[in-house]
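Reading through the structure tokens given below for one structure.
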Ligand SMILES: [Zn+2]
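Residue numbers (our numbering): 988 to 1265.
Right, dumping it as structure tokens:
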């Protein structure tokens, strides 16, 4: 039900009550975050994060959402595009802060979709439409470093923790796997948040930073990160309607701030590149 304040005092009262409840919840969450294991530290950036989901639940939700997405996609399992994705994934995974994910990747034959994602738990998908924008392995490492960072930083279930309070209530978070119906509801929410809803600015910038360090550690030139985002920005500014870019930018806002920030982080990233890599 949508809140309609014009309906009168009764609704306003309920609205005030809900806001008080939410405020109390936030205060409690902050307290719990200070004390409990549900608060973790994000790799690379060191940010403290409150997440009501366990790593096992990350893997379960991500795995199911992944299987669901793959069932509707045309996969490529050989050839140069597949080999390129495999090469970059296999070079990145050994250097990421692996929380114990079961890594898997798929290449989706979809030249119109300029996109890629990594579900919680380490399930990766790359749409062939992003490969020409990536241009080469370093460009693809920018994309995959960023997507893997979202999963390693557990942005998906962190967002479910905060948004779940507002949209489906605490009950589903507390017992989302108790019944088939609740399980299904949690899965739908997860898929929506993980694949369709745009990430917030903070999550995007954090994924950029973590991904930049990962690509550098894997021996790719981190200067290619801002170059990749410049290409994306140029494409989106060049009236690329129908190219699939609208879909990409609905989940990946691109802007001058992200490019400037990547360039500021370059010295730190360059120091991580192993000697002789390139
Ligand atoms: Zn992102």
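Ideal placement from N, C-alpha and C gives every residue a C-beta, glycine not left out.
Bear in mind that the values here come from a model prediction, so they are computed numbers and not experimental data.
**Prompt:** How would you call residue 1081, buried or exposed, if buried means at least 16 neighbouring beta carbons within 10 angstroms?
**Reply:** Looking up residue 1081 in the chain shown gives position 94. Exposed.
**Message:** Using a Cβ-based criterion (distance less than 7 Å to any ligand heavy atom), does residue 1216 qualify as near ligand 1?
**Reply:** Taking the chain shown and counting its residues from 1, the one referred to as residue 1216 is at position 229. No; taking the cut-off as 7 Å, the Cβ of residue 1216 has no heavy atom of ligand 1 nearer than that.
**Asked** What residue range is occupied by the uninterrupted beta strand (DSSP E) comprising residue 1269?
**Response** No answer is possible for residue 1269: it lies beyond the span of the chain, which begins at 988 and ends at 1265.
**Message:** Is the separation between the beta-carbon of residue 1215 and that of residue 1070 shorter than 8 Å?
**Reply:** Counting from 1 along the chain shown, the entry for residue 1215 is found at position 228. Counting from 1 along the chain shown, the entry for residue 1070 is found at position 83. Not in contact: residue 1215 and residue 1070 (Cβ atoms no closer than 8 Å).
**Cα-Cα separation, residue 1101 to residue 1261** = Position 114 of the chain shown, counted from the first residue, corresponds to residue 1101. Position 274 of the chain shown, counted from the first residue, corresponds to residue 1261. Their Cα atoms are separated by approximately 30 Å.
**Request:** May I ask you to list the residues that DSSP assigns as paired with residue 1028?
**Result:** Along the chain shown, read from residue 1 onward, the residue named residue 1028 stands at position 41. DSSP output for residue 1028 lists 1035 as bridge partner(s).
**Prompt:** Any heavy atom of ligand 1 closer than 7 Å to the CB of residue 1091?
**Reply:** Here residue 1091 is taken as the residue at index 104 of the chain shown, counted from 1. No; taking the cut-off as 7 Å, the Cβ of residue 1091 has no heavy atom of ligand 1 nearer than that.
**Request:** Count the other CB atoms, across all protein chains shown, that sit within 10 Å of the CB of residue 1118; report buried if there are 16 or more and exposed otherwise.
**Result:** Looking up residue 1118 in the chain shown gives position 131. When all chains shown are included, residue 1118 counts as buried.
**Message:** Mapping the DSSP letters down to three states, classify residue 1247 as helix, strand or coil.
**Reply:** As a first step, residue 1247 must be located in the chain shown, where it is residue number 260. Helix at residue 1247.
**Prompt:** Thinking C-beta only, is residue 1068 closer than 8 Å to residue 1115?
**Reply:** The sequence position of residue 1115 within the chain shown is 128, counting from 1. The sequence position of residue 1068 within the chain shown is 81, counting from 1. Contact: yes.
**Request:** Compute the beta-carbon to beta-carbon distance between residue 1140 and residue 1193, rounded to the nearest angstrom, for a pair I have assumed lies under 8 Å.
**Result:** Sequence index remark: in the chain shown, residue 1140 carries index 153 (1-based). Sequence index remark: in the chain shown, residue 1193 carries index 206 (1-based). Between residue 1193 and residue 1140 the Cβ distance is about 6 Å, and since that is below 8 Å, they are a contact.
**Asked** Quick one: complete beta strand (DSSP E) runs, 3+ long, within the segment 1078 to 1142?
**Response** 1091 to 1095, 1103 to 1106, 1110 to 1114
**Message:** ligand 1 and residue 1145: does any heavy atom of the ligand fall closer than 7 Å to the residue's C-beta?
**Reply:** As a first step, residue 1145 is located in the chain shown; it is residue number 158 there, counting from the start. It does not: the Cβ of residue 1145 is nowhere closer than 7 Å to a heavy atom of ligand 1.
**Asked** By a C-beta neighbour count over all protein chains shown, 10 Å radius and 16 as the cutoff for buried, is residue 1123 buried or exposed?
**Response** Along the chain shown, one-based indexing puts residue 1123 at 136. Under this definition residue 1123 is an exposed residue.
**Request:** Please name the residue in 1243, 1199, 1254, 1025 whose C-alpha comes closest to that of residue 1218.
**Result:** Position 231 of the chain shown, counted from the start, is the residue given in the question as residue 1218. Looking at the Cα atoms, 1243 is the closest of the given residues.
**Asked** Quick one, which of 1057, 1178, 1093 has its alpha-carbon nearest residue 1113's?
**Response** Residue numbering aside, residue 1113 sits at position 126 when the chain shown is read from its first letter. Comparing Cα-Cα distances from residue 1113 to each of 1057, 1178, 1093, the minimum goes to 1093.
**Asked** Could you give the distance in angstroms between the alpha-carbon of residue 1245 and the alpha-carbon of residue 1258?
**Response** The residue labelled residue 1245 in the question sits at position 258 within the chain shown. The residue labelled residue 1258 in the question sits at position 271 within the chain shown. Taking the straight line from one Cα to the other gives about 20 Å.
**Request:** Using only alpha-carbon positions, find the residue among 1146, 1075, 1263 that is nearest to residue 1091.
**Result:** Counting from 1 along the chain shown, the entry for residue 1091 is found at position 104. The candidate whose alpha carbon is nearest that of residue 1091 is 1075.
**Prompt:** For residue 1045, which residues of its own chain have a beta-carbon under 7 Å away from its beta-carbon, when the five flanking residues on both sides are left out?
**Reply:** Counting from 1 along the chain shown, the entry for residue 1045 is found at position 58. Cβ neighbours of residue 1045 beyond the five flanking positions: 1107, 1108, 1141, 1144.
**Through-space distance from residue 1184 to residue 1035, alpha-carbon basis** = Against the chain shown, residue 1035 aligns to sequence position 48. Against the chain shown, residue 1184 aligns to sequence position 197. Looking at the two C-alpha atoms, the distance is approximately 23 Å.
**Rounded distance between the beta-carbons of residue 1196 and residue 1031, thought under 8 Å** = Looking up residue 1031 in the chain shown gives position 44. Looking up residue 1196 in the chain shown gives position 209. About 7 Å separates the two Cβ atoms, so the contact holds.
**Request:** Could you please give me the residues that DSSP links to residue 1062 through a beta bridge?
**Result:** Working through the chain shown from its first residue, we reach residue 1062 at position 75. Residue 1062 pairs with 1095.
**Request:** Would you give the residue range spanned by the alpha helix (DSSP H) that residue 1179 belongs to?
**Result:** Looking up residue 1179 in the chain shown gives position 192. Unbroken run through residue 1179: none, as it is neither H nor E.
**Asked** In chain order, what residues of the same chain lie with their CB nearer than 7 Å to the CB of residue 1210, ignoring the 5 residues before and after it?
**Response** Reading the chain shown from its first residue, position 223 is the one you call residue 1210. For residue 1210, where only same-chain residues beyond five positions count, the Cβ hits under 7 Å are 1253.
**Request:** Consult DSSP for residue 1198 and reduce its assignment to one of helix, strand or coil.
**Result:** As a working note, residue 1198 is residue 211 in the chain shown. Note: residue 1198 maps to helix in three-state DSSP.
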